[in-house]
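Numbering (full-length UniProt numbering), first residue to last: 1 to 384.
#1: Got a sec, what are the start and stop residues for the beta strand (DSSP E) residue 388 sits in?
#2: Considering residue 374, what are the terminal residues of the beta strand (DSSP E) in which it resides?
#3: Taking the continuous beta strand (DSSP E) assigned at residue 346, which residues delimit it?
#4: Please report the straight-line C-alpha distance between residue 370 and residue 97, rounded to a whole angstrom.
#5: Write down the C-beta distance between residue 73 and residue 118 rounded to the nearest angstrom, noting that I regard them as a contact closer than 8 Å.
#6: Kindly indicate the opening and closing residues of the alpha helix (DSSP H) around residue 114.
#7: In the structure shown, what three-state DSSP assignment does residue 420 receive?
#8: Please go through the same chain and pick out, in chain order, the residues whose beta-carbon is closer than 7 Å to the beta-carbon of residue 173, but skip the five residues on each side of it.
#9: May I ask you to report which of helix, strand or coil DSSP gives residue 73?
#10: Rounded to whole angstroms, how far is the Cβ of residue 159 from the Cβ of residue 115, which I believe are closer than 8 Å?
#11: Buried or exposed for residue 245, going by 16 or more other Cβ atoms inside 10 Å?
#12: Please look up how many angstroms separate the CB atoms of residue 310 and residue 299, rounded, as I've assumed it's under 8 Å.
#13: Can you name, in chain order, every residue of its own chain whose Cβ lies under 7 Å from the Cβ of residue 335, other than the five neighbours on each side?
#14: Starting from the Cα of residue 296, find the closest Cα among 217, 355, 343 and give me that residue.
#15: Considering only residues of the stretch 208-236, which uninterrupted alpha helix (DSSP H) runs meet the minimum length of 4 residues and lie entirely inside it, listed in chain order?
#16: Below 8 Å on the Cβ atoms is my contact criterion, and I expect residue 357 with residue 307 to pass it. Report the Cβ-Cβ distance as a whole number of Å.
#17: Please check the pair residue 204 and residue 216, which I expect to be a contact at CB under 8 Å, by giving their CB distance rounded to whole angstroms.
#18: Considering just the uninterrupted stretch of the beta strand (DSSP E) at residue 365, what are its terminal residues?
#19: Expressed to the nearest angstrom, what Euclidean distance is found between the alpha-carbon atoms of residue 381 and residue 251?
#20: Do residue 65 and the ligand GTP come close, with the Cβ less than 8 Å from some heavy atom?
#21: Counting only the same chain and skipping the five closest in sequence on each side, list residues whose C-beta sits under 6 Å from that of residue 103.
#22: List the endpoints of the continuous beta strand (DSSP E) containing residue 124.
#23: Locate the beta strand (DSSP E) running through residue 162, then write down its first and last residues.
#24: Which one of 327, 235, 185, 194 has the shortest CA to CA distance from residue 122?
#25: Count the other CB atoms, across all protein chains shown, that sit within 10 Å of the CB of residue 112; report buried if there are 16 or more and exposed otherwise.
#26: Alpha carbon to alpha carbon, how far is residue 120 from residue 337?
#27: So for residue 306, helix, strand or coil by DSSP?
#28: Helix, strand or coil for residue 92? Go by DSSP, reduced to three states.
#29: Can you grab the Cα-Cα spacing for the pair residue 176 / residue 164, in whole Å?
#30: Would you list the one or two residues that DSSP bridges to residue 156?
#31: Can you grab the Cα-Cα spacing for the pair residue 331 / residue 108, in whole Å?
#32: Give me the Cβ distance between residue 326 and residue 228, rounded to the nearest whole Å; I'm assuming they're in contact under 8 Å.
#33: Just mark residue 45 as buried or exposed, buried being the case when its beta carbon has 16 or more other beta carbons within 10 Å.
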């Protein structure tokens, strides 16, 4: 899943795991789900940690998508091909132009699923590195993250993406992304120096990557979002996308800072933390340096593909008394059938079947998967 952020360009494979407890999925027709035994699940940056049931369901959905593509290819259904490039970690190995095939009308970024099996194996996860990363991020809680947990989550391969350039009007709404082994560093894979230099050319200094990597392109407009060609010639330093990458990333950062100032002039109704400190400012904030905010009874943050809504509830509230209902443009939190938070006009659509919630001592943390992972939410609620 795409989680690399413009101001914190560190891939998931470098990030410590974090945990969630009692994760669950509900749709607006589900009954409340009782809390099960608490389990510590790895959440490497940008990857949701689910219950065993969720993991089985998601694996089945991914397998079904891959099987559907394979079946379509075998029966001669209309297909299209697109190019992408492999960047070996061996400095002496040449770049390789590859080709993938997908359904003629298949939407979304195809490469994460296409490349998943390429990242299976490659060595065992280093237990000491897992522990060190977890302790740095989670403190004492990190002691519960085991080598076995991360191996279970990534045994079939796990793809992470890193945005080099985001889609914009200037580049024809085409984003360029690196695709990497999510736990490459923890496996002790060799460094990929050429990928690091490429990121530096795009304005991301000091980023380290590990293992073989791939680079591809996604076009978001005209809809739907889809994978398109990234050819070997696109790695030439004179390629238009690379010449403008640094400036586009600077402008992207500048635009978010201007948004922060504009929101501040609106009486502080929305406060955005852009200083990179990770601390909250007057109205709330987040460490990812993307728009966030606070209102009466809740606060919210976001990553590239997820909205996190934290709803205040009375201390002592149990998960059995909580019900969370999800619709594409609405989320409702109820306690004992009494509504405590009802947001009817979300800024953009979410995927109800990929939304989860967890219980804290005095809050309900709701995680909602964005339908459009390229869309940065400027607010939680859409203008009327």
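Glycine is no exception: its CB is placed at the ideal position from the N, C-alpha and C atoms.
Working from what's here:
#1: Outside the displayed span of the chain (1 to 384) sits residue 388, for which this structure offers no information.
#2: Careful: residue 374 lies outside any beta strand (DSSP E) and carries neither H nor E.
#3: Where residue 346 is concerned, there is no enclosing beta strand (DSSP E), given that its DSSP letter is neither H nor E.
#4: 31 Å
#5: The Cβ separation is near 18 Å, so there is no contact.
#6: That run of the alpha helix (DSSP H) goes 111-115.
#7: Past the edges of the chain, shown from 1 to 384, lies residue 420, and the structure says nothing about it.
#8: For residue 173, where only same-chain residues beyond five positions count, the Cβ hits under 7 Å are 167, 219, 220, 221.
#9: helix
#10: With a Cβ gap of about 5 Å, residue 159 and residue 115 count as contacting.
#11: For residue 245, the number of other beta carbons within 10 angstroms of its own is at least 16, and it is reported as buried.
#12: 5 Å
#13: 313, 317, 321, 322
#14: 343
#15: none
#16: The Cβ separation is near 12 Å, so there is no contact.
#17: 17 Å between Cβ atoms; not a contact.
#18: 363-369
#19: 25 Å
#20: The ligand GTP is not among the ligands present in this structure, which contains no ligands whatsoever.
#21: 72
#22: Segment: none, residue 124 is in no beta strand (DSSP E) and carries neither H nor E.
#23: Residue range 159-165 is occupied by the beta strand (DSSP E) that includes residue 162.
#24: 185
#25: buried
#26: 45 Å
#27: strand
#28: coil
#29: 6 Å
#30: None, per the DSSP bridge assignment.
#31: 24 Å
#32: Residue 326 to residue 228, Cβ: 31 Å. No contact.
#33: Bear in mind that the predicted position of residue 45 carries a pLDDT of just 30, short of 50, making it too unreliable to give a figure here.
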